[in-house]
Structures are given as C-alpha cells and as structure tokens.
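Asks: Residue numbers (UniProt numbering): 1 to 313.
This is the structure we're talking about:
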C-alpha cells in the first residue's frame with residue numbers, strides 16, 4: 001500500500017511542492033521521483049480537499065518503540081523501502097513443540113542463554129553483542145517456526161527484512177537504526193535474493209554499526225549453494241540443519257497434537273520415516289486431521305507408504 005501511495009503521489013507533484021526526493025533504483029533505467037519526508041501534498045477527491053503527508057522514519061520509529069513498551073508480547077516488523085510496519089507476534093511455537101533432535105534443541109537453547117547473559121563479556125573483549133544463526137534445510141522443515149520459538153523464548157521482537165525492498169545502503173541503515181534492542185533480524189532464502197557482495201557488506205559493515213543485544217537469522221533451502229565466505233564464524237556463528245522428520249521428531253509431534261507417548265502404530269511409522277523423506281510440516285498436516293490417534297496414525301501410515309511408492313517411481 002505504501003508503494004502504491006508513493007507512485008500515486010509522484011503524479012501529484014506540482015509547483016507548490018517545496019521538496020521532492022529523486023533517486024535511481026538499482027536495475028532500473030529511469031529516475032524515481034516522489035515527495036520528500038514531512039512534505040504535504042494537497043489532493044482533491046469528489047470535491048473533498050485533504051492532505052497527504054509522508055511521515056518521517058524517526059517519528060514512526062519513536063511511535064513504534066513506545067507501542068512496543070506497552071505490549072507484553074513481541075512483534076513482527078516488516079520493511080518497506082526505508083520504514084517498518086508492525087504486527088503483534090502471536091505465534092504459539094516453543095522449543096518444546098519443535099520437532100527437533102533433543103541434543104540439537106538443547107545446544108541451541110544453551111547458546112541463546114549464553115548469548116543474552118554475556119553483555120559484560122562482549123564489551124570486555126571488544127566484540128559487538130550480536131549473534132548470527134544459519135538455518136538450512138528443505139522447505140517445510142520448521143525454519144520459520146523455529147525463529148518464532150526463539151523469539152518467544154528470548155522475548156525478542158522479530159524484524160523480517162526483505163532486502164529486495166531496500167534500494168540503497170542509506171535505506172538499509174535507516175531500517176537498522178529503526179530496529180530495537182532485544183530483537184531478531186530475519187533474512188530468508190539468502191540463496192535466491194541477495195548478492196554475495198551486498199550480504200558481506202551488510203554483515204561486516206551496516207549490521208555491526210547498529211544496536212546491541214541482537215540476533216540475525218539467515219535461512220536457506222540450499223546451504224551448498226552459499227559462498228564459503230558467508231559461512232565463517234563471526235558472520236554466521238551457529239549453523240543449524242533443519243532436516244526431514246525423524247522418529248524422535250515425530251514423537252514430539254504426536255505428543256503435541258494427539259497427546260500420546262506411545263501407540264501400536266509407532267514402530268511402523270518409525271520404520272517408514274527411516275525410508276521416506278517427509279517434512280515435519282507434512283507429518284503435522286496428517287496428524288492435525290483428527291485428534292483421535294486411532295484415526296490420525298493410520299492416515300499418516302497411508303500417507304508415508306504412498307509417498308514411498310511415488311519415490312520408487
């Protein structure tokens with residue numbers, strides 16, 4: 001909606017406009033002209049006069065910060081070109097409901113605890129109080145849910161940064177300055193929408209210059225496609241594989257969705273999961289169809305067997 005309003009107001013610029021903003025978006029030949037911040041544009045519709053005002057990013061940021069102080073739950077913030085829009089984070093994911101290996105989950109929770117408790121240590125050794133995570137694995141393996149679980153555990157806000165919407169470094173810097181402490185910055189699918197040079201500049205330069213007590217989480221479906229320069233410590237400190245559903249992961253899902261710890265169908269499901277690549281999302285999709293284990297589990301077995309037959313062909 002913001003982009004549509006910006007395009008509309010570009011056509012409303014007249015001699016009465018005292019300030020305009022001109023820039024050249026990447027990969028575009030023509031200049032983009034629009035109103036500047038805090039500039040008013042008088043418009044008329046159906047005989048009614050009204051004013052458009054592009055509110056400054058600083059004012060929006062202050063309003064958002066005050067609102068966040070009043071909220072008990074976190075928020076998810078999505079970026080436009082150089083502004084954030086916010087919604088309340090109400091995702092139910094927790095570390096207990098994630099279909100992950102117990103040891104992997106334990107190591108992640110310990111790393112998060114260690115990070116948030118070491119402010120003085122980071123300051124003493126002269127390092128930015130930040131932590132980078134890379135979540136990688138096929139679609140449907142729970143990367144986004146894990147980010148929500150991390151935010152709920154830490155009570156951090158989440159900033160979902162789409163770098164395709166960012167036109168230049170100054171826009172990116174404004175976004176980072178506008179983000180709060182105690183937050184997670186998320187950049188998803190880094191293999192498909194971010195250039196290597198831009199990402200390295202982001203991690204080593206702009207990201208390091210913003211505030212403390214922040215985590216940055218990158219996600220990718222294809223870790224093998226990433227340049228090794230992205231994977232070194234200090235850029236992505238923790239690499240966490242989100243794999244296909246294992247039997248231990250299935251038991252967590254069965255406990256969550258069906259409230260059972262054992263069933264006669266468990267052994268056959270365990271055998272099938274060793275042979276079939278099924279994501280936690282696919283398993284959940286079958287379990288959620290019925291709260292009755294005697295209905296849901298046979299349906300899951302049928303799904304896995306059918307998936308195995310398709311794989312064979």
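Backbone N, C-alpha and C fix where the C-beta goes; we use that ideal spot for every residue, glycine too.
#1: Short of 7 Å in beta carbon distance, which residues of its chain neighbour residue 296, apart from the five on each side in sequence? Order them along the chain.
#2: Residues in the same chain with beta-carbon distance under 8 Å from residue 43, minus the five sequence neighbours each way, listed in chain order, please.
#3: Where does residue 14 land, buried or exposed, given buried means 16+ other C-beta within 10 angstroms?
#4: Suppose the cutoff is 8 Å on Cβ atoms and the five residues either side in sequence are ignored; what does the same chain contact list for residue 316 look like?
#5: Decide if residue 47 is buried, meaning its Cβ has at least 16 other Cβ atoms within 10 Å, or exposed.
#6: Taking residue 185 and residue 214 to be in contact with their CB atoms under 8 Å, please state how far apart those CB atoms are, rounded to whole angstroms.
#7: Have a look at residue 40 and residue 17 and give me their C-alpha separation to the nearest angstrom.
#8: Could you tell me which residues DSSP pairs with residue 220 in its beta bridges?
#9: Since residue 274 is in the alpha helix (DSSP H), which residue starts that stretch and which ends it?
#10: Please determine if the stretch 238 to 255 and the stretch 97 to 109 are in contact, where contact requires at least 3 C-beta pairs separated by less than 8 Å.
#11: When the Cα atoms are used, what is the spatial distance from residue 370 to residue 21?
#12: What does DSSP give as the partner residue(s) for residue 14 in the beta ladder?
#13: Could you give the first and the last residue of the continuous beta strand (DSSP E) run that contains residue 40?
Replies: Considering the structure as presented:
#1: Here residue 296 is taken as the residue at index 296 of the chain shown, counted from 1. Once the five neighbours on either side are set aside, the close Cβ partners of residue 296 are 258, 286, 287, 289 and 290.
#2: As a first step, residue 43 must be located in the chain shown, where it is residue number 43. Counting only Cβ-Cβ distances below 8 Å, and skipping sequence neighbours, we find 12, 49, 50, 51 and 52.
#3: Sequence index remark: in the chain shown, residue 14 carries index 14 (1-based). The Cβ neighbour count for residue 14, taken over all protein chains shown within 10 Å, is under 16; the residue is labelled exposed.
#4: No information on residue 316 is available, as it lies outside the stretch 1 to 313 that the chain covers here.
#5: Along the chain shown, one-based indexing puts residue 47 at 47. The residue in question, residue 47, is exposed, as its Cβ has fewer than 16 Cβ neighbours within 10 Å.
#6: Position 185 of the chain shown, counted from the start, is the residue given in the question as residue 185. Position 214 of the chain shown, counted from the start, is the residue given in the question as residue 214. Yes, residue 185 and residue 214 are in contact; Cβ-Cβ is about 6 Å, under 8 Å.
#7: On the chain shown, position 40 is the one that residue 40 refers to. On the chain shown, position 17 is the one that residue 17 refers to. Residue 40 and residue 17 have their C-alpha atoms some 8 Å from each other.
#8: Sequence index remark: in the chain shown, residue 220 carries index 220 (1-based). Per DSSP, 136.
#9: Locating residue 274 in the chain shown gives position 274, counting from the first residue. It spans 266 to 275 - the alpha helix (DSSP H) in which residue 274 sits, taken as one unbroken run.
#10: Enough Cβ pairs lie closer than 8 Å, so yes.
#11: The structure shown has nothing for residue 370, since the chain only spans 1 to 313.
#12: In the chain shown, residue 14 corresponds to position 14, counting from 1. Bridge partners of residue 14: none, in fact.
#13: Position 40 of the chain shown, counted from the start, is the residue given in the question as residue 40. Note, residue 40: beta strand (DSSP E), 40 to 45.
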